[in-house]
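Report on the structure given below.
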Amino acid sequence: MTGKNGPPPIHVRGLRKVFRQTTTGQAVVAIDRLDLTIAPKEVIAIVGQTGCGKSTFFDLMIGLEEPTEGSIMVGDKSPSSDFDYFRGKMATVFQQDRLLPWRSALDNAKLPLELIGLPEEEQRERALTWLNKLGLGAFTNAYPHELSGGMRQRVAIARAFSVQPDIMLADEAFGHLDEVTAAELRDTFLALARECGSTAILITHQLEEAIAVGDRIAVFGKSAKLLADIHVAQWDARDYGTLREAIQLTLQTQQADARLARG
Amino acid sequence: MPPKEHAESVPVLTFPRQTLVSLLVFAVCWEALSYLAPYLGIPPFAIPSLARIAKAITTITPVDIAVTLARVIAALIASFVLGLALAMAMYRSDTLEKYLHPMIRILMAVPVVSWILFAVLWFPGVEFRIGFVLVVVCGPVFLVDTLDAMRSVPRELRSMMRSFRPTSIQFFIKLMLPAIVPTIFTSWKVNISLAIRVVTIAELVGAVTGIGHQLSVAQELFSVADVFAWTVVLVALLFLLEAIVARVEHRLLRWRA
Ligand SMILES: Nc1ncnc2c1ncn2[C@@H]1O[C@H](COP(=O)(O)OP(=O)(O)O)[C@@H](O)[C@H]1O
Ligand SMILES: [Mg+2]
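Residue numbers (this note's numbering), protein chains in the order written: chain A, 3 to 265; chain B, 162 to 418.
As structure tokens, this is what we get:
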């Protein structure tokens, strides 16, 4: 439920996350001193190579992991220490649909609404509204195994939006679908995020997807540090080819690229 | 509406032709043996004719069936509740798990006969003895099965669930319990057959009602016909209970492909 004042800003300060590998005991620095500020209602894409710490950042953002050092603040609250505060305020879409196989599409979509304790009738109504928005009106009673991959991901998106979250996070949510379906679903997702007035954080390893998303692109280097922070609006649409090449080069050399420093 | 072509194959007690044939062959052999027994030097009471067995079956007292059935069901419910509650506690607390796990392994290794002797030596009441033996035998099976099942709930589903910030109760009720329902059914089926076999042994000691007691009376009277009749009842009872569980399972697990 978006608060009256809209979603709060997100401040990431000196964020570090170090894992200790169970077998070798070796320390793995997944995120190294990351600073990032995300404005309310901003739609930001985070792009980086596989293994650079994007999913770790995602887990820290939703509060399932604690920072080793530094902090993530959403408004004046921390997603991990003020875990319960964010019930109904943050929602997630994952790479796999992660639907509960024993629940119908409708019951999956209303899961987060059950958790915030909405009256049964309202749960149903809201879940149905979102399933309809995602074009699943005819499949509300279908079980996940009766739906295609794209449809299942639609249910997962409906589930995430059903609480009308302040902050919407997606981790490689479209990567496993075919290109056409992925593009279609991504557009729907973005339109809904804007309609809801949510801050949206889209994590991807695909440059095309990052550029398609819009407002802003954060480029993560290995051991997630910020290589570049691009405000796409400042680029001419004809320049996207250059932008693409510049990001690619940045990722390859793993060094912040001077050409990207427009913002 | 989505295409939903569930082949509604409700499992019931069916007897395919092969089953009937093999039962028939057995009956014929038994009957032949019962006639030939005197010539083979087998005492006459050892292999009663089918007619005598049929007569024995008509003298079956329903009250004993009801008593045994009630004991089995009550003990299974108690075992299930205890096993599941402990499994949930052990899932949440690694420390508890580390302390209890070896004890449970030991419990499961103790022979049923030892439990019956312990029960007789420790407890005065017959019902309590029988209940104790059944629970101590079936409870750990429920516990181990459900704990294993909780452990194997996919990480992905657990983190999805946690990302929506449920209370611990919601986490169990909306994720863990439904996820382990298939295992719960398997566990019930295993335990029903275990309980039916154990209850009769437990009833041999001290009970004055129940199928086990009737079996021991039949043994004292050298009545193979009665033993046979009660055994048939036990087997039928087991099949019936299994069929009921299978029906409920089929209803509840419709979501499976
Ligand atoms: N729970 C964990 N324990 C140990 N190492 C981990 C854990 N999670 C992630 N890592 C390591 O952190 C790094 C970043 O992983 P991840 O965030 O999944 O990357 P990405 O999502 O960008 O592909 C990888 O080297 C990975 O092996
Ligand atoms: Mg990842």
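For every residue, glycine included, the Cβ atom is placed at its ideal position computed from N, Cα and C.
{"query": "beta-carbon Phe96 (chain A) near ligand 1 non-hydrogen atom, thresh 7 Å", "result": "no"}
{"query": "Residues, ordered as in the chain, of the segment 25-42 of chain A that lie near chain B by beta-carbon distance below 8 Å", "result": "none"}
{"query": "Outcome for Trp283 (chain B) when other beta-carbon atoms lying within 10 angstroms are tallied against a minimum of 16", "result": "exposed"}
{"query": "Of the listed residues B:Val393, B:Arg290, B:Leu201 and B:Ile345, nearest to Pro301 (chain B) (C-alpha basis)", "result": "B:Ile345"}
{"query": "C-beta neighbour in chain A for Trp349 (chain B), strict 8 Å", "result": "no"}
{"query": "Other residues of its chain near Lys227 (chain A): CB distance less than 7 Å, five sequence neighbours each side excluded", "result": "Asp34, Arg35 and Leu36"}
{"query": "Neighbour flag for Arg253 (chain B) against chain A, beta carbons, 8 Å", "result": "no"}
{"query": "Minimum Cβ-Cβ distance from Glu116 (chain A) to chain B less than 8 Å", "result": "yes"}
{"query": "Under 5 Å, CB to nearest heavy atom of ligand 1: contacting residues", "result": "A:Phe21, A:Val30, A:Ala32, A:Thr52, A:Gly53, A:Cys54, A:Gly55, A:Lys56, A:Ser57 and A:Thr58"}
{"query": "Contact under 8 Å by Cβ, Leu117 (chain A) with Arg100 (chain A)", "result": "no"}
{"query": "Neighbourhood of Glu247 (chain A) by C-beta, 8 Å cutoff - its chain only, sequence neighbours within 5 removed", "result": "none"}
{"query": "Three-way DSSP call (helix, strand, coil) for Ala140 (chain A) in this model", "result": "helix"}
{"query": "Beta-ladder partner(s) of Gly50 (chain A), from DSSP", "result": "A:Phe222"}
{"query": "Closest by C-alpha distance to Leu365 (chain B), when choosing among B:Val224, B:Ala193 and B:Ile277", "result": "B:Ile277"}
{"query": "Short CB-CB distance (under 8 Å) between Gln254 (chain A) and chain B", "result": "no"}
{"query": "Near ligand 3: Asp99 (chain A) beta-carbon under 7 Å from a heavy atom", "result": "Of the ligands this structure carries, namely ligand 1 and ligand 2, none is ligand 3."}
{"query": "Under 8 Å between C-beta atoms of Pro69 (chain A) and Pro42 (chain A)", "result": "no"}
{"query": "Supposed contact pair Leu237 (chain B) and Ile334 (chain B) - C-beta distance, whole angstroms, cut 8 Å", "result": "In fact, because the Cβ distance is near 22 Å, the residues do not count as touching under 8 Å."}
{"query": "Rounded Cβ spacing between Leu308 (chain B) and Ala217 (chain B) (contact assumed at less than 8 Å)", "result": "Not confirmed; about 44 Å, so no contact."}
{"query": "Closest Cα partner of Ala172 (chain A) within the set A:Glu211, A:Ser73, A:Val182 and A:Ala129", "result": "A:Glu211"}
{"query": "The segment 316-347 of chain B: positions lying closer than 9 Å to chain A by Cβ", "result": "Glu317, Leu318, Ser320, Met321, Met322, Arg323, Ser324, Phe325, Arg326, Pro327, Thr328, Gln331, Lys335, Leu336, Pro339, Ala340 and Val342"}
{"query": "Span of the beta strand (DSSP E), counted from its first residue to its last, around Glu71 (chain A)", "result": "Glu71 to Val76"}
{"query": "8 Å Cβ cutoff, Leu113 (chain A) in contact with chain B", "result": "yes"}
{"query": "Asp2 (chain A) CB to nearest heavy atom of ligand 2 below 7 Å", "result": "Coverage of chain A is limited to positions 3 through 265, which leaves residue 2 (chain A) absent and any answer about it impossible."}
{"query": "Neighbour flag for Trp104 (chain A) against chain B, beta carbons, 8 Å", "result": "yes"}
{"query": "Element boundaries [alpha helix (DSSP H), containing Val359 (chain B)]", "result": "Leu338 to Leu365"}
{"query": "Assigned secondary structure, Lys259 (chain B) (DSSP; H/G/I helix, E/B strand, else coil)", "result": "helix"}
{"query": "Cut-off 7 Å between Cβ atoms - residues of its own chain near Ala184 (chain A), not counting five sequence neighbours on either side", "result": "Phe176"}
{"query": "Cross-chain neighbours of Thr94 (chain A) in chain B, by beta carbon under 8 Å", "result": "Met321, Ser324 and Phe325"}
{"query": "Alpha-carbon to alpha-carbon, Leu66 (chain A) and Arg323 (chain B)", "result": "7 Å"}
{"query": "Closest by C-alpha distance to Leu398 (chain B), when choosing among B:Val273, B:Pro223 and B:Gly292", "result": "B:Pro223"}
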